[in-house]
Amino acid sequence: MRLHRPLILATVKALQEIFLNDKPRQADRVIEATLKSNKQWGSRDRAFIAEHTYEIVRNWRLVLFVNEMQADKLRPQFFFQMVGSWLLIKKQLNPDGDNIDFLPKWEEFSFVNEETILARLEEAQKVRKIRESIPDWLDEMGEAELGTEKWTTEIRAMNQQAPVILRANSLKTNPYKLQDLLVDIEIETIIPENLPDALMLKQRGNIFKTEFFKNGLFEVQDSGSQMIAPFLDVKPGMRVIDACAGAGGKTLHLASLMQNKGRIVAMDVEEYKLTELMKRAKRNGVNNVEVKLIEPKTLKRLQESADRLLLDVPCSGLGVIRRNPDSKWKLTPEFIENLRKIQWDILTQYSSMLKKGGKMVFATCSLLPSESEAHVQRLLAEQPDKWELLKEQRTSPATDGYDGFYMACLLKK
Numbered sequence: 002m003r004l005h006r007p008l009i010l011a012t013v014k015a016l017q018e019i020f021l022n023d024k025p026r027q028a029d030r031v032i033e034a035t036l037k038s039n040k041q042w043g044s045r046d047r048a049f050i051a052e053h054t055y056e057i058v059r060n061w062r063l064v065l066f067v068n069e070m071q072a073d074k075l076r077p078q079f080f081f082q083m084v085g086s087w088l089l090i091k092k093q094l095n096p097d098g099d100n101i102d103f104l105p106k107w108e109e110f111s112f113v114n115e116e117t118i119l120a121r122l123e124e125a126q127k128v129r130k131i132r133e134s135i136p137d138w139l140d141e142m143g144e145a146e147l148g149t150e151k152w153t154t155e156i157r158a159m160n161q162q163a164p165v166i167l168r169a170n171s172l173k174t175n176p177y178k179l180q181d182l183l184v185d186i187e188i189e190t191i192i193p194e195n196l197p198d199a200l201m202l203k204q205r206g207n208i209f210k211t212e213f214f215k216n217g218l219f220e221v222q223d224s225g226s227q228m229i230a231p232f233l234d235v236k237p238g239m240r241v242i243d244a245c246a247g248a249g250g251k252t253l254h255l256a257s258l259m260q261n262k263g264r265i266v267a268m269d270v271e272e273y274k275l276t277e278l279m280k281r282a283k284r285n286g287v288n289n290v291e292v293k294l295i296e297p298k299t300l301k302r303l304q305e306s307a308d309r310l311l312l313d314v315p316c317s318g319l320g321v322i323r324r325n326p327d328s329k330w331k332l333t334p335e336f337i338e339n340l341r342k343i344q345w346d347i348l349t350q351y352s353s354m355l356k357k358g359g360k361m362v363f364a365t366c367s368l369l370p371s372e373s374e375a376h377v378q379r380l381l382a383e384q385p386d387k388w389e390l391l392k393e394q395r396t397s398p399a400t401d402g403y404d405g406f407y408m409a410c411l412l413k414k
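In my numbering, the protein residues as written are 2 to 414.
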């Protein structure tokens, strides 16, 4: 692989935006803006920038370690060295991949010493938190909750690139028809087992520019996430509340499962998310959704009004860090502890909106039982006459290749 200076410079600038900005910016937004900055770049150029930026963000602690640098003492000029060292690391860790033959003798790479880099890399392989690039506190928390063997396996899987999964919109098409349509524009997919609406891309690409996306034939939604809406056991004609709807991925899935019949109330504390949800609903041909901004009086007005209730609560996102690798560097123990309190409050307060005899799904995208199973167990222990656990399930990259989700379906007696 031959290196082109403009692509390296774009990668360097993206990393500087992510790690040196006074107000931390999300990696995906930085990369999106970077790719839009030069219309002359082709698909391979864009793929190089996105892939290498994400890889370095994902392996940030490892890259710092081999360069003997500290995150709080970085300067803009160091980032060429970081990119150069990562190219050498990548070549060593994945010798069969599309790698550089050697670093070009650019002045910006003059401080990259291959012998030192590889020696430090060998040392790093002996320490999990450096090898897998995670903060000390997160490594300790994960091991404490999951045990050494499981945590080691899970965090290794979480440090790999995630596949792109589509959900065919059953209101307009099915996976087989969609697969044929995508082949016609040279996008090849695989139909995974046990997921009735899913397609997996064989190769990453900008599918959002396709007419099929613009016409609402599919959404991008991971396999684990696609399991949550069916877990709620909805039927056409029901009244369903999605109480933490966000931008509405699972809301739209619920609508398709209900065949656009009945009513879905999508709720969130952020109005802009609900605005985006309605745009997506229109594109998807969904017309059985109404949105409500969560206010103090909202829960009281909707008390015991829903046949089904989805609580996909705010969480650490540790189950999806392979898609959002920069989140590893923004989380704190205090933030997660506060989230646990919010999760419990939502579970106990929002559940009042469910009718007796109705079903509720409590879901998180976290690997930690303290954000997931522990809340359900506590609810059952404190309110045994009110709730019955019907089923629960976990997904993770290490066990089935899906993102890390937890879901529990409970019956309100």
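For glycine and all other residues, C-beta sits at the position ideal for the given N, C-alpha and C.
DSSP beta-bridge partners of residue i
i, result
"T365", "Y407"
"F219", "A169"
"M268", "K293"
"Q378", "Answer is none; Q378 lacks a bridge partner."
"L355", "A307"
"W388", "K413"
"R240", "R264"
"I9", "Looking at the DSSP assignment, I9 forms no beta bridge with any residue, so it has no partner."
"D313", "A364"
"Q394", "M408"
"I191", "M201"
Contact belief for residue i with residue j at Cβ below 8 Å, rounded distance in angstroms
i, j, result
"E155", "L368", "6 Å"
"M228", "L310", "At roughly 17 Å, the Cβ-Cβ gap does not stay under 8 Å, so M228 and L310 are not in contact."
"L139", "L332", "7 Å"
"L411", "F363", "7 Å"
"K356", "K387", "Incorrect: roughly 13 Å between the Cβ atoms, too far for contact."
"A28", "F66", "About 20 Å; that fails the 8 Å criterion."
"I166", "C245", "Contact doesn't hold; Cβ gap of about 21 Å is too wide."
"R62", "I131", "6 Å"
"G206", "L319", "With 8 Å as the limit, G206 and L319 do not qualify as a contact, their Cβ atoms being about 28 Å apart."
"I242", "L300", "So it is not a contact: roughly 10 Å between Cβ atoms."
"P1", "L21", "Any question about residue 1 goes unanswered here, given that the chain covers just 2 to 414."
C-beta contact flag for residue i and residue j at 7 Å
i, j, result
"M354", "A282", "no"
"G286", "G217", "yes"
"I295", "V266", "no"
"V84", "T12", "yes"
"V1", "W87", "Here the chain covers residues 2 to 414 and nothing more, so residue 1 does not appear."
"N170", "S226", "no"
"T365", "V314", "yes"
"Y351", "L312", "yes"
"Q260", "P231", "no"
"L89", "E115", "yes"
"E109", "F80", "no"
"L172", "F213", "no"
"E220", "R284", "no"
"Y407", "S373", "yes"
"I32", "K329", "no"
"W152", "E141", "no"
"Q222", "G249", "no"
"D46", "L10", "no"
"E393", "A409", "yes"
"V235", "L253", "no"
Counted within 10 angstroms of its Cβ, other Cβ atoms place residue i as buried (16 or more) or exposed
i, result
"R102", "A small correction: the amino acid at residue 102 is Asp; Arg does not occupy that position in the sequence shown. Under this definition D102 is an exposed residue."
"E133", "buried"
"P415", "Because the chain spans 2 through 414 in this model, residue 415 falls outside it and cannot be assessed."
"N325", "buried"
"L278", "buried"
"L94", "exposed"
"G43", "exposed"
"V321", "buried"
"H5", "exposed"
"N68", "buried"
"M268", "buried"
"D99", "exposed"
"E56", "buried"
"D73", "exposed"
"R323", "buried"
"Y403", "buried"
"N401", "A small fix is needed here, since residue 401 is Asp in this sequence, not Asn. Its Cβ having fewer than 16 others within 10 Å, D401 is exposed."
"S317", "buried"
"P176", "buried"
"Q41", "exposed"
Any C-beta of chain D under 7 Å from that of residue i
i, result
"A34", "The structure shown contains no chain D; it holds only a single protein chain."
Evaluate contact between the region 202-216 and the region 375-389, counting only Cβ atoms and requiring at least three cross-stretch pairs below 8 Å. At 8 Å Cβ cutoff, the stretches do not touch.
Is it true that the region 37-57 meets the region 112-129, where meeting means three or more beta-carbon pairs spaced less than 8 Å apart? Note that the region 37-57 does not touch the region 112-129; fewer than 3 beta-carbon pairs, one per stretch, sit closer than 8 Å.
The region 190-200 in contact with the region 142-161 per 3-pair CB rule at 8 Å: Counting Cβ pairs under 8 Å, fewer than three are found: no touch.
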